[in-house]
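Asks: Dropping a structure here in structure tokens format, bear with me for questions.
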Amino acid sequence: MKLLILIPAFNEEGAVAGVVKEVREVLPDVPILVVDDCSEDGTRHQARMAGADVLPMPYHLGLGGCVQAGYRLAFELGYEYVIRVDGDGQHDPRYIPALLNVLRETGCHMVIGSRFYESNGGHTSMVRGIGIWVFRLVLRPILGRPVHDPTSGFVGVNREALQVFTGSFPLEYPEIEALVVLQRKRFRFEEVPCRMRRRKAGRSTITAVKSLYYIIHVLLGVFVNVLKFEGRRKKK
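Here my numbering is used: the first residue of the sequence shown is 2, the next is one more, and so on.
Spelled out as structure tokens, the structure:
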């Protein structure tokens, strides 16, 4: 089994070393790749000092482009599974084995670490909570099943999903649109209950105003993806 831990990071010098060390404690022999999205601080240095391999981006791509670069490299290197862990410390690496087990045992293409699955005590801000509720509502008929935490970035994918994402992956806010991309292929996803933590350092760039923009932007992206898929299906 070839597993890679992927950590996208942008200006996370205060947290990324701790994330790498925590992952190493759980999975001492598994490669860790930090994809640095042209950080302006010491993120790359801290990641290397902690023992991770670092893939520096030549210019700022945004989260989706950063994750896709990691997925492409993982696919080219022959990895079977990739687990994504954010560089801010919110994702607890102790849940990685549970995500991996679901990927391997169920044969699903993506597994999501969910704050809200099985009422496991997830919480978020009011604006983000409204956004999550809206996304659940919109995605339910598209996916044909409920998804409890569509904005979670704590995800694992298998090689088939990796191959799809090397050619098509949302660039700005990828988590929700990625589910729609998988749905086109009739790929399966599962959710695993996880508790998220507060970020270890720095602060989120998504303010209340940006959260509203995020909701509108993602909904437009979802509808465009659906229309493209329906258009291609009618031509066949």
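Every residue gets a Cβ at the ideal spot worked out from N, C-alpha and C, and that includes glycine. Since this is a predicted model, take the numbers as computed values, not measurements.
Just curious, the alpha helix (DSSP H) that Leu180 is in, first and last residue?
Replies: Start at 1 with the first residue of the sequence shown, and residue 180 comes out as number 179. That run of the alpha helix (DSSP H) goes 175 to 185.
Asks: Here's the rule I'm using: 16 or more other beta-carbon atoms within 10 Å means buried, otherwise exposed. How should His110 be labelled?
Replies: Here the question's residue 110 lines up with position 109 in the sequence shown. Buried: at least 16 other Cβ atoms inside 10 Å.
Asks: Report yes if the C-beta distance between Phe166 and Val181 is below 9 Å; otherwise report no.
Replies: Residue 166 sits at position 165 when you count from the first residue of the sequence shown. Residue 181 sits at position 180 when you count from the first residue of the sequence shown. No, these two residues do not count as a Cβ contact at 9 Å.
Asks: Can you list, in chain order, the residues of its chain with a C-beta nearer than 8 Å to that of Gly43? Leave out the 5 residues immediately preceding and following it.
Replies: Walking along the sequence shown from the start, residue 43 turns up at place 42. Contacts found: Glu14.
Asks: Quick check: the Cα distance between Thr208 and Ile217, rounded to an integer number of angstroms?
Replies: On the sequence shown, residue 208 is found 207 positions in, with the first residue counted as 1. On the sequence shown, residue 217 is found 216 positions in, with the first residue counted as 1. For Thr208, the predicted structure reports a pLDDT of 48, less than 50, and the residue's modelled location is therefore unreliable. The matter cannot be settled from this model.
Asks: I need the boundaries of the alpha helix (DSSP H) containing Leu74, first residue and last residue.
Replies: Counting from one through the sequence shown, the residue named residue 74 turns up at place 73. Leu74 -> alpha helix (DSSP H) spans 63 to 77.
Asks: Candidates Ser169, Ser153, Ala16, Lys3: which alpha carbon is nearest Pro32's?
Replies: Working through the sequence shown from its first residue, we reach residue 32 at position 31. Ranking the options by Cα distance to Pro32, first place goes to Lys3.
Asks: Evaluate Leu138 with the Cβ neighbour count: other Cβ atoms within 10 Å of its Cβ, from every protein chain shown; 16 or more gives buried, anything less gives exposed.
Replies: Position 137 of the sequence shown holds residue 138. Per the 10 Å Cβ criterion, exposed.
Asks: Just to check my reading of the structure: Phe11 and Val112 have Cβ atoms closer than 8 Å, yes? What is that Cβ distance to the nearest angstrom?
Replies: The residue given as residue 11 occupies position 10 in the sequence shown. The residue given as residue 112 occupies position 111 in the sequence shown. Rounded, the Cβ-Cβ distance is 24 Å, inconsistent with contact.
Asks: Report the three-state DSSP secondary structure of Ile192 (helix, strand or coil).
Replies: In the sequence shown, counting from the first residue as 1, residue 192 sits at position 191. Before going on, a small fix: residue 192 reads as Glu here, not Ile. Here Glu192 sits in strand by DSSP.
Asks: Classify Met111 as helix, strand or coil using the three-state DSSP reduction.
Replies: Taking the sequence shown and counting its residues from 1, the one referred to as residue 111 is at position 110. Here Met111 sits in strand by DSSP.
Asks: On the DSSP letters alone, give me the boundaries of the alpha helix (DSSP H) that Leu163 sits inside.
Replies: Taking the sequence shown and counting its residues from 1, the one referred to as residue 163 is at position 162. 160 to 168 is the span of the alpha helix (DSSP H), which, as asked, contains Leu163.
Asks: Nearest by alpha-carbon distance to Pro175: which of Val55, Gly114, Thr107, Thr152 is it?
Replies: Along the sequence shown, one-based indexing puts residue 175 at 174. For Pro175, the nearest C-alpha among the options comes from Thr152.
Asks: How would you write the range of the alpha helix (DSSP H) that Val148 sits in, first residue to last?
Replies: For the purposes of this step, residue 148 is taken as the residue at position 147 of the sequence shown. Careful: Val148 lies outside any alpha helix (DSSP H) and carries neither H nor E.
Asks: Taking the straight line between their C-alpha atoms, what separation do you get for Gly52 and Pro142?
Replies: Locating residue 52 in the sequence shown gives position 51, where the first residue counts as 1. Locating residue 142 in the sequence shown gives position 141, where the first residue counts as 1. Roughly 44 Å between the two C-alpha positions.
Asks: Going by the DSSP bridge assignment, what does Pro59 pair with across the sheet?
Replies: Within the sequence shown, residue 59 is the residue found at index 58, counting from 1. Beta-bridge pairing links Pro59 to no other residue.
Asks: Per DSSP, which residues does Ala10 bridge with? Please list them.
Replies: As a first step, residue 10 must be located in the sequence shown, where it is residue number 9. Asp37, per the DSSP bridge assignment.
Asks: Taking the alpha-carbon positions, what's the Ala75 to Gly145 distance?
Replies: Within the sequence shown, the letter at position 74 stands for residue 75. Within the sequence shown, the letter at position 144 stands for residue 145. Taking the straight line joining both Cα atoms gives about 30 Å.
Asks: Give the DSSP-derived three-state secondary structure of Thr208 in the structure shown.
Replies: Walking along the sequence shown from the start, residue 208 turns up at place 207. Below a pLDDT of 50, predicted positions are generally treated as unreliable, and Thr208, at 48, falls in that range; no measurement from the model is reported.
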